[in-house]
Structures are given as structure tokens and as C-alpha cells.
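>
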Amino acid sequence: MRGRWMAVLSLCLAAGAPAADWSLYRTPHFEIYTDASGRQARDLGVALEQFRHGLGLLLGEPDLKTAAGVERTPVYLFRRERDATPYRGGGDIQRSAAGVTLVLAADALPGPPFFAAFARTLIEASVAGMPRDIEDGLVALVSTMETERSRIRIGAPVPPAERTSEWALVHLLAASPAYGGRLPALLRNLQRGMDEGPAWRNTMGKDREALATEAERHLAAGQFDTAPLNAAPIDPNRDYPERSADDQAVRVALDALTQEQERAAKAARLLAEAGTAVPDRAREALEEARELQPRAADPLVGLARLIENPRERVEMLETASALEPRRAEVWQALAEAHLAAQQFDRASAAWLRAEQSAATPAQREQMRQHRLAVEPQRLAFLEGERQRALEAERADIERVKQEAIARIRAAEARANEGNAPSPPGTEVVPWWDGPQPDGKVEGTIVQVDCLGRQARLIIQAGGKTVRLLIADASQVAIAGAPELALGCGRIKPRPVRVEYFQKESVSLGTTGEVASIEFR
Numbered sequence: 005m006r007g008r009w010m011a012v013l014s015l016c017l018a019a020g021a022p023a024a025d026w027s028l029y030r031t032p033h034f035e036i037y038t039d040a041s042g043r044q045a046r047d048l049g050v051a052l053e054q055f056r057h058g059l060g061l062l063l064g065e066p067d068l069k070t071a072a073g074v075e076r077t078p079v080y081l082f083r084r085e086r087d088a089t090p091y092r093g094g095g096d097i098q099r100s101a102a103g104v105t106l107v108l109a110a111d112a113l114p115g116p117p118f119f120a121a122f123a124r125t126l127i128e129a130s131v132a133g134m135p136r137d138i139e140d141g142l143v144a145l146v147s148t149m150e151t152e153r154s155r156i157r158i159g160a161p162v163p164p165a166e167r168t169s170e171w172a173l174v175h176l177l178a179a180s181p182a183y184g185g186r187l188p189a190l191l192r193n194l195q196r197g198m199d200e201g202p203a204w205r206n207t208m209g210k211d212r213e214a215l216a217t218e219a220e221r222h223l224a225a226g227q228f229d230t231a232p233l234n235a236a237p238i239d240p241n242r243d244y245p246e247r248s249a250d251d252q253a254v255r256v257a258l259d260a261l262t263q264e265q266e267r268a269a270k271a272a273r274l275l276a277e278a279g280t281a282v283p284d285r286a287r288e289a290l291e292e293a294r295e296l297q298p299r300a301a302d303p304l305v306g307l308a309r310l311i312e313n314p315r316e317r318v319e320m321l322e323t324a325s326a327l328e329p330r331r332a333e334v335w336q337a338l339a340e341a342h343l344a345a346q347q348f349d350r351a352s353a354a355w356l357r358a359e360q361s362a363a364t365p366a367q368r369e370q371m372r373q374h375r376l377a378v379e380p381q382r383l384a385f386l387e388g389e390r391q392r393a394l395e396a397e398r399a400d401i402e403r404v405k406q407e408a409i410a411r412i413r414a415a416e417a418r419a420n421e422g423n424a425p426s427p428p429g430t431e432v433v434p435w436w437d438g439p440q441p442d443g444k445v446e447g448t449i450v451q452v453d454c455l456g457r458q459a460r461l462i463i464q465a466g467g468k469t470v471r472l473l474i475a476d477a478s479q480v481a482i483a484g485a486p487e488l489a490l491g492c493g494r495i496k497p498r499p500v501r502v503e504y505f506q507k508e509s510v511s512l513g514t515t516g517e518v519a520s521i522e523f524r
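This is how it looks when you write it as C-alpha cells:
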């Protein structure tokens, strides 16, 4: 019998199933499942909540989350590290399509490396964007945050090898009494996309360069003060009561973690294959990687490179940037796609996000130069479009003119077909039995305005200007100069006698419609 139970136990352990009973401790933002003691679970809950609260104070963002739309992040706290190891293939912080999961051990509680990664996770999920070097300095600063039930302190120095200029600058701004309280305002301005010059001067009263010099002296002095932050009011014994957990549900969730790690590994292999494959096979590999990792940007970036249509490429890269909004290379690809689609304002905005997400000052400057280059490109494009529109308008006007001239010439030819030119002074005799013109004018025709299929005659008569409409050139009788063609615009003055029907048009400014024209 004993051998049989040992065999069953071995099978359970081989399958990775937790053997102990699990309890649940629920905090405002975390659900801690544990086979460790209640005290250890509550202490971890306090540490996570106060860390999240303190980072939110520094960022000026009180509602930090590990993933969008997630109310509570699941945490699995194992009693022993060796029990946690099978589920930590992706590290202490596991990412999946469902969000973020923390896998920790009570006998090896997390230290600065974990809290640095955890800070980055919260920032990536909750903050629009800020310069990457400032973010790096902030992450290093909070990695040594000291938290207790009712106390938070920041500023404990990182190891000497990790004391970068970025850390020194943020430490100076966060822990020094001279700048205390102003860091959140600076970070909010940077997150909103304000140019760095005004952002630093408006909140700190100095340029960044001056503060960087001061930070170098601060680093060289080696005196690093700590500063308190207002802690969240927490009574873990009251606020975090023990609840029973469904052992089977815990087992299923942990198995899902291992499966997610396997999918991530396979997706990484497919991405590597796509980088060297022919386009058709690369597309297949990228689509499969996309199915395995639906929250990852890399498969979409790879697929976008295979799309020829710029606007379709933009659409896919916009999805990629929404999935991983802190990656400069994704924003760079999107900016280049916007430029190819001649969407200059959007390209400039994407370059700004790439600039904010740049990992190094050199990369940030490169992205800034790309952003500044967009405006000349936009102006050149708009000027080209303006010239093309003017050419099209000129061509259309010329076409209308030529059509009007052709209609007038055709009407002249029909009206004079078979007739000899009338001698000067000959009365024009209409050949139809219809309404007779009730107006006439003698003067000099000086201009013809072409109005599509109609025309407007401008006649100077007795010191007055008379405007008459040719509504239908085929219905106008012409005498005296059948070979004469009327062009559009100003013409050589020519004496005429015009009979017309008195019919005023306010919109065209004419007093009648022409029935006949006699050139003299």
C-alpha cells in the first residue's frame, strides 16, 4: 500500500501539481495565492501595495496597473523557492494574453532586481511615455524603496556599479530637499509630450543640462539622503483576511503558466525563422507567432514589413504600438509608414513617441532629428499638391474655353451655311416664327466671358456697359462677319448691333438673352 501511495505522489510531483493546501489573501490590487504562512502572505501584500502606491506618487499617476483592464494581479507565493522554479521560466513576472502573473517564493523574497522589473511593468502598462533615460533613473531609484505597514522611504543607494548619471539625476530630484515634491510635475509634463526644455524649466527652474551637472557633483560627493513618502493606510491583519483557495483552480492556473512559457519559446523560434525565410514562409511563421503571442508587437511589425500598401502597413503598426507602447523601434516603424502614406502630422507624433521611448540619449537625439525633418517634408508635399491643383485648374479652364469656342464656331457655321456675308447696314431678318426680340443695343463688344456652355457678352454703348447672355449659341443668328470667331476673355473691340430678349439674371448680372448679332 505504501508503495502505491508513493507512486501516486511521484506522478503528482512529476506533473508539477502543488501538493499543499492553498490560501488566498486579497488586497486592493493583488490576489495572493500561497502555501506559505499568513504572515508571509500579508507582508508581501503590504510590500506590493506600498510599492505601487509610492511609485504612483512619484509619477503623479495614482491608478497604476500591471495590465490594462486588470483589477487585481494574481500572485503565487510558494513556501519554498524550489517549488516555484518550475513555473518561473519567464522570470518572477510572467506575461500572457490574460495579463501579468507574479511567481515568488517566501524563502527568497524579492529584492531590488524584482522591484526594478515590477516598476517597469507598472510604468509600461499605465504611463503614456517619457524619456527612457529618466525612466531608467526612476526605476533604479524605486528598486531600493523601503516599505513597511505605514512607512515608505526612497533614496537608499543602489550598488556603486549601478550608480549611473540617470540614477543620480532622479535621486537628486526625488530625495533632495531643494527639489522635493516637484518630480511628479516634471514627469507628468514629460508624459504629455511637452518638449524637454520647457518641461524642465517650468517645473525645476533650471535647464536639464544645469541639473545634470549638479547631479554629477551629487554623484561624486557620495552622500545620498533618503526621503519619506506618504504611505497608504494599511492594517494587513484587518484588511487582508485569509480565504480558502480552490486547489484545483490553482493547479490549472499554474499549468497554464507553463503552457504560456512553451508558447513564448515557440513564438521566439518562429520570429527567428521569419527573419531569414522567403516572404511566403516568413508570413506563415509570423502569423503562427501572432496566434501564439497575441499581445506581442514583434509578429505584427514583421508582417507589416511584408505589406506593400502604406495605409495597410500603418493600420497593422498602429495595432503593434498599442500592444507595446514603450518600444522605440515599433514607433519608428509606424512613423516611417505614416511618411510613406504621406500622413505627416501622424508621422511627427509617432517620431515623438519613438523619441520618448529611446533607450539612450544618442537614440533619442536620432529620433528627434527625424521628427524635426518631418515639417520640411510636409511643406514640400503641400507645395507639390498646390502646384498640381493649380495645373489641374488651369487645364480645366482651358478645356472649358476651348469647348465654348468650338460651340460658338459651330453655331456660326450653322447660322451662315449657304449664305453670303450681309453687306454693312443690312437688317438681320430672323428665319423663325417665334417670339421677337424686344431689346437692341448698338455699341462695341469688348469681352466674352465663357460660362461653361453659355457665354456673357460685354458691350460698351453710349458710355454704359451692357451685359447680355448667350444661353444657347446654336440659337443665335450672326451676320456681318461669319468668319469671325469669338474667343474667351478680352477681345479686340468690334462694332456690333445686338438684338436680345429682355430677361434679367441677377446671378449673372445680365439684362437679356441674345437673339442675333450683327458685326459692322
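The opening position of the sequence shown corresponds to residue 5 in the numbering used here, with each subsequent residue numbered one higher.
Every residue, glycine too, gets a C-beta built ideally from N, C-alpha and C.
Values in this document were obtained by computation on a predicted structure and should not be read as measured data.
Hey, how far is the Cα of V79 from the Cα of M320?
33 Å
> Report all residues from its chain with a CB closer than 7 Å to the CB of P359; omit the five preceding and five following residues, and keep chain order.
It is Glu, not Pro, that sits at residue 359 in the sequence shown. The residues are R368, M371, R372 and R375.
> Please name the residue in A219, P135 and M149 whose C-alpha comes closest to that of R192.
P135
> Excluding sequence positions up to five away, which residues of its chain have a Cβ less than 8 Å from the Cβ of T469?
I462 and I463
> Using CA coordinates, which residue listed in A481, Q458, E407 and A377 is at the minimum distance from R418?
A481
> At the level of alpha carbons, what is the spacing between W435 and A393?
With a pLDDT of 48 at W435, under the threshold of 50, the predicted position of this residue should be treated as unreliable, and no value is reported.
> With H, G and I counted as helix, E and B as strand and the rest as coil, what does DSSP make of A286?
The DSSP-derived three-state label of A286 is helix.
> If you draw a straight line from the alpha carbon of H175 to that of N234, how long is it in whole angstroms?
17 Å
> Let me check understanding here. Comparing Cα to Cα, which of E508, E295, R330 and L356 lies closest to A129?
R330
> Can you check DSSP and say which residues form a bridge with F118?
According to DSSP, which records beta bridges pairwise, F118 is partnered with nothing at all.
> Expressed to the nearest angstrom, what Euclidean distance is found between the alpha-carbon atoms of M208 and A219?
13 Å
> Looking only at DSSP bridge pairs, what is S325 linked to?
Paired residues: none, contrary to the question.
> Leaving out five residues before and five after G42 in sequence, what residues of the same chain have Cβ atoms less than 6 Å from its Cβ?
Same-chain partners within the cutoff: E246.
> Helix, strand or coil for Y37? Go by DSSP, reduced to three states.
strand
> Rounded to whole angstroms, what's the CA-CA distance from L327 to Q54? Just pull it up for me.
27 Å
> Which partner residues does S520 have in the DSSP bridge list?
A481 and E503
> On the three-state DSSP scale, how would you describe W435?
The pLDDT assigned to W435 is 48, lower than 50, so where the model puts this residue is not dependable, and the model offers no usable value.
> Got a sec, what are the start and stop residues for the beta strand (DSSP E) L194 sits in?
Not the beta strand (DSSP E): L194 falls in the alpha helix (DSSP H), residues L187 to Q195.
> Express the C-alpha separation of K507 and K444 in angstroms, rounding to a whole number.
The straight-line gap from Cα to Cα measures roughly 12 Å.
> Excluding five sequence neighbours on each side, which residues of the same chain lie with their C-beta closer than 6 Å to the C-beta of R294?
P303
> Could you compute how far the alpha carbon of I158 sits from the alpha carbon of R285?
Annotation: I158 to R285 spans about 51 Å, alpha carbon to alpha carbon.
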